[in-house]
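Residue numbers (the UniProt record's numbering): 1 to 273.
All residues carry an ideal CB built from backbone N, CA and C; glycine is no exception.
Please read all numbers here as calculations on a predicted model, not as lab measurements.
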Amino acid sequence: MEFEKKKVTVIMGIYNCQDTLEEAIDSLIAQTYVDWNLIMCDDGSKDDTVTVAKKIAEKLPGRVLILQNKQNKGLNYTLNRCLKHVNGEYTARMDADDVSLPERFQKEVGFLDTHKEYDFVSTPMILYDEHGDWGCDWGKERPDKMDLMKSRPFCHAACMIRTKAFLDVKGYTVDKRLLRVEDLHLWMKLYAKNHYGYNIQEPLYKMRDDRNAYSRRKFKYRINESYIKILTIKTFHFSWRYIVYALRPIIVGLLPNFLYDKLHKWSLKREEM
Numbered sequence: 001m002e003f004e005k006k007k008v009t010v011i012m013g014i015y016n017c018q019d020t021l022e023e024a025i026d027s028l029i030a031q032t033y034v035d036w037n038l039i040m041c042d043d044g045s046k047d048d049t050v051t052v053a054k055k056i057a058e059k060l061p062g063r064v065l066i067l068q069n070k071q072n073k074g075l076n077y078t079l080n081r082c083l084k085h086v087n088g089e090y091t092a093r094m095d096a097d098d099v100s101l102p103e104r105f106q107k108e109v110g111f112l113d114t115h116k117e118y119d120f121v122s123t124p125m126i127l128y129d130e131h132g133d134w135g136c137d138w139g140k141e142r143p144d145k146m147d148l149m150k151s152r153p154f155c156h157a158a159c160m161i162r163t164k165a166f167l168d169v170k171g172y173t174v175d176k177r178l179l180r181v182e183d184l185h186l187w188m189k190l191y192a193k194n195h196y197g198y199n200i201q202e203p204l205y206k207m208r209d210d211r212n213a214y215s216r217r218k219f220k221y222r223i224n225e226s227y228i229k230i231l232t233i234k235t236f237h238f239s240w241r242y243i244v245y246a247l248r249p250i251i252v253g254l255l256p257n258f259l260y261d262k263l264h265k266w267s268l269k270r271e272e273m
């Protein structure tokens, strides 16, 4: 069956997520905004993820396109494969183990329809695990270029981007140095071409995340984050005194796990104030 054209195309990389994928898609089906389609690309799963995805596609004829990588290629490559098939005016992100709250698409589409000065939008994310909600990752309402240095200003999986802006920066850059920081590089490329983003100040997305997961984040990904910060300094010709922001991920990564856990949870509570 032909892949139907919709106003919003959701792109999703799927990998070994047989136990969570159906819940994620159910949250899309429950959206109050219905003019969307979905592209899923399996990144070499070893479990029954593809089987689950195909069963979902059967329930949504014409609205789901499934792609498959022959081997694991990483999220950047996988999302770029999805992007090549997008036919919507807006491209929305979604992760296969998360949940979009029912009004997410309605409010993101409504914002982009009425605010032409912005090319992408995101929302805060509620963090939850098997014990329930445990935090909320908020972002500044109108991040500027300097905020790209100071923090992760947008929640990647909760974002919706004008497809023409996505294509203008050629999607994601495939580079091993960008693993787990592909979002930071994408924001940098978008801002460098005057495609600015906005954070709706209402949590419309739930990210499944063990409350102890931050302490297990690999050090090499902190090095990648520092690399992105240095690129940001160069791209926007910031003063090199801001190198401290590039060094911060490495310094934080050297903290004992228990201390970093406390620091991170404190920062989440502070953002909610």
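| query | result |
| --- | --- |
| Sequence-distant residues of the same chain with beta carbon closer than 6 Å to residue 314, five excluded per side | Nothing can be reported for residue 314, as the shown portion of the chain is limited to 1 through 273. |
| Range of the contiguous alpha helix (DSSP H) that encloses LYS234 | 219-235 |
| Coarse secondary structure for SER122, derived from DSSP in three states | strand |
| Inter-stretch contact (C-beta, 8 Å, three-pair minimum) for the segment 200-209 and the segment 92-107 | yes |
| 8 Å contact criterion, which THR51 and GLU103 should meet: CB distance rounded | About 31 Å separates the two Cβ atoms, so there is no contact after all. |
| Length of the line joining the Cα atoms of ARG222 and ARG241 | 20 Å |
| Close beta carbons around ASP35, own chain, < 7 Å, minus the five adjacent residues each side | LYS6, LYS7 and VAL8 |
| Beta strand (DSSP E) runs wholly inside the segment 54-80, at least 3 long, in chain order | 64-68 |
| Where the beta strand (DSSP E) containing TRP134 begins and where it ends | 132-137 |
| Candidates LYS73, GLU23, ASP42 and PHE219: closest to GLY13 by CA position | ASP42 |
| Three-state class that DSSP yields for GLY88 in the structure shown | coil |
| Under 7 Å between C-beta atoms of VAL181 and ILE228 | yes |
| Any 3 or more C-beta pairs closer than 8 Å across the segment 62-69 and the segment 133-148 | no |
| Helix, strand or coil at ASN208 [DSSP, three-state] | Per the sequence shown, the amino acid found at residue 208 is Arg instead of Asn. The answer is strand: DSSP assigns ARG208 an E or B state. |
| Between the CA atoms of PRO153 and ASP147 - distance to the nearest angstrom | 6 Å |
| Sequence-distant residues of its chain with Cβ nearer than 6 Å to LEU67 (five each side left out) | CYS41 and ARG81 |
| Inter-residue spacing [alpha-carbon to alpha-carbon] between GLN18 and MET94 | 16 Å |
| First through last residue of the beta strand (DSSP E) which encompasses TRP36 | 36-42 |
| Nonlocal neighbours in the same chain, by C-beta distance under 7 Å from TYR172, ignoring five residues either side | ASN76, LEU79, ASN80, GLU182 and LEU186 |
| Residue environment, ILE11, which counts as buried when at least 16 other CB atoms sit within 10 Å | buried |
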